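The numbering used here numbers the first residue of the sequence shown as 13 and each following residue consecutively. C-beta: ideal position from N, C-alpha, C; glycine also. This one's a predicted model, so the numbers in the text were calculated from it and none came from an experiment.
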Amino acid sequence: MPFSDIQLNDGRKIPSIAFGSGSVNKGKDIHAYIEQAIEAGFSHVDTAQYYQNEESVGRAVRESGLERSALYITSKYSYGHETPRKSFEDSLRKIGVKYLDLYLIHAPQIVKDYVGAWAELEKIREEGLAKSIGVSNFGIEELQILLKHAKITPAVNQIHFHPYNYTQLKPLLEYQAKHGIVVEAYGSLAPITRYPGGPVDIPIRKAADRLRITSTQVVFLWVKAKGAVIVTLVLVFILFSSICPFPGQLIHKQIQDELEQATPQRVSGGRGSAYVPLPLSFYSPGVSALANQLASGFDM
13 MPFSDIQLND GRKIPSIAFG SGSVNKGKDI HAYIEQAIEA GFSHVDTAQY YQNEESVGRA
73 VRESGLERSA LYITSKYSYG HETPRKSFED SLRKIGVKYL DLYLIHAPQI VKDYVGAWAE
133 LEKIREEGLA KSIGVSNFGI EELQILLKHA KITPAVNQIH FHPYNYTQLK PLLEYQAKHG
193 IVVEAYGSLA PITRYPGGPV DIPIRKAADR LRITSTQVVF LWVKAKGAVI VTLVLVFILF
253 SSICPFPGQL IHKQIQDELE QATPQRVSGG RGSAYVPLPL SFYSPGVSAL ANQLASGFDM
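As C-alpha cells, this is what we get:
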C-alpha cells in the first residue's frame, strides 16, 4: 500500500487505509473479500458487532498466515442492550484474537449511556485488550459531553465524510483537530456512487484525466490530503487498480480547491449539532447496484 501510517493521540499509529466489512455486507460471509484485500496489501480490517460477519473476518485473518502484529483490526460496540465489556469479549471470540487494535462506540444514538460506555472502553484499553479506543458517528455536542467526563480522549471519530459534506463538517473537523482526534472516513465515494451527476463530477473527471488515474483514486487522494483514514468497501475485483499504485503520495492543492469550490454548502439535513446523523439505512441498509459494486455511501 502506498499510504503511510497516521499518528494517534495515544502514541500509537493507524494504517491510513482500511478495508471495511460494512453494513452492506451485514450477515454475509465476507471471508473471500477480506482474504483478497489482505493479499492486495491491506493490513487494516474494519468490522463491527452490527455487521454480524466478525466470524468470517476472523477466518480470513487466521487463514492469511500472517502474524497478529502484521494486521490492524478494528471493531465496534453497536448494541446498547449489551454491556461494552460483553460485546467486546464477543468480538474477540468471534474474530479469534486476544486483542483489538482499535475499538469504537459505533454511534451515540444507539447507546443509551455513551459516557458510561466510554468509561468501560477506557478500562478495556487500560487492560491492554484494545490498544486504542475511539468513537464513530459522533457530532460536536456528543464529543463535548464525552470529553467532560473522559479520562482518555478518543483516538478517532469514524464519520461519513466526502466532498459534498466537507463544508458542513468543518466545525466538527476543527474540533477534532483541536483535541487530536483523527478522522476516519467512510462513504467517501458518495459523489460517485450516491450522487452521480453532481457539481464535483467535472473537477473529479478533470483531475483524473490530468493525473491519469481513476475518479476513485482522485476522491481517495482528496480524503488522504485531509489527513483522514480511508475506510472503503471497494470490492476486490477493482481493489488494486482503484487504490494503488498512486502516481504520488499527495494531491495538488489546486485540485483540492477545485473539488471544494464545486461543493454545495449542505447536502442533507442534520440532527441538532450532530453533523453526521445516523441514517435510517443503518437499520435497513439499502444501496444501489452501483454502490454494491464500488462502495456503500453508508458503509459504517
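- Distances from the CA of Glu75 to each of His93, Lys88, Gln48 and Ala60 were compared; the closest alpha carbon is that of Gln48.
- In this structure, Gly192 keeps its C-beta atom at 8 Å or more from the C-beta atom of Val168.
- Annotated three-state conformation of Tyr45 is helix, per DSSP.
- Glu132 places its beta carbon 8 Å or farther from that of Lys106.
- Classified as exposed, Ser16 has fewer than 16 neighbouring CB atoms from the shown chains inside 10 Å of its CB.
- Within the DSSP secondary-structure output, Pro27 pairs in a beta bridge with Asp17.
- Going by beta carbons, Gly32 and Val195 fall outside the 8 Å limit.
- Between Lys163 and Ser81, the alpha-carbon positions lie close to 27 Å from each other.
- The criterion of a C-beta distance shorter than 8 Å is not satisfied by Ala237 and Phe173.
- Runs of beta strand (DSSP E) with 3 or more residues, each lying fully within the stretch 66-139, are found at 84-89 and 112-117, listed in chain order.
- According to DSSP, residue pairing for Asn169 in a beta bridge involves Val147 and Val195.
- For Asp22, there is no enclosing beta strand (DSSP E), as DSSP marks it with neither H nor E.
- Nearest Cα to His56 within the set Ile136, Ile46, Tyr63 and Gln64: Ile46.
- When rounded, the separation of the alpha-carbon atoms in Asp213 and Leu271 is 9 Å.
- Rounded to the nearest whole angstrom, the C-alpha separation of Pro215 and Val69 is 37 Å.
- Looking at the backbone, the Cα of Leu185 and that of Lys88 are separated by about 21 Å.
- Around the beta carbon of Pro183, fewer than 16 other beta carbons sit within 10 angstroms, so the residue counts as exposed.
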